[in-house]
Structure formats: C-alpha cells, structure tokens
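Enquirer:
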Amino acid sequence: LKEIGIQRLGVSHCTGFRAAAQLAREFEGVFFLNNAGTRFTLP
C-alpha cells in the first residue's frame, strides 16, 4: 500500500483491533476508522 501512495486508508470493525492498530501506526496521517456514518470527499 505504501508503494502505491494511498492518500486515505479507512478500516471498519471487521479488520480487527490488532490489525487496525498496526495499520494506524504504519499509515499515520492517512489512516482513519471508517465507522457507520463516516463521510469524506473524494477528489
């Protein structure tokens, strides 16, 4: 994922806590929890 230069990385509950925590560390500034009702604007 880092190689393709993602701009946002959203995960939900099915990802699991451990995997989400690891992704949050690896993708600081890009990672977000994509809970029900989350909104974001695509470029």
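Quick note: the sequence shown uses the numbering used here, first residue -11, plus one each step. Ideal Cβ positions, reconstructed from N, Cα and C, are used throughout, including at glycine.
Check the C-beta distance from THR26 over to GLY(-2) and give it rounded, since I have them as a contact under 8 Å.
Expert: 7 Å
Enquirer: Among GLN10, ARG6 and SER0, which one has its Cα closest to the Cα of ASN23?
Expert: SER0
Enquirer: Helix, strand or coil: how does DSSP classify LEU(-3) here?
Expert: The three-state secondary structure of LEU(-3), taken from DSSP, is strand.
Enquirer: Take PHE19 and list the residues in its own chain whose beta-carbon comes closer than 7 Å to its own, dropping the five residues that flank it on each side.
Expert: The beta carbon of PHE19 sits closer than 7 Å to those of LEU(-3), LEU11 and ALA12, all from its chain and outside the five residues before and after it, given in chain order.
Enquirer: Tell me the rounded alpha-carbon separation between ALA7 and LYS(-10).
Expert: 16 Å
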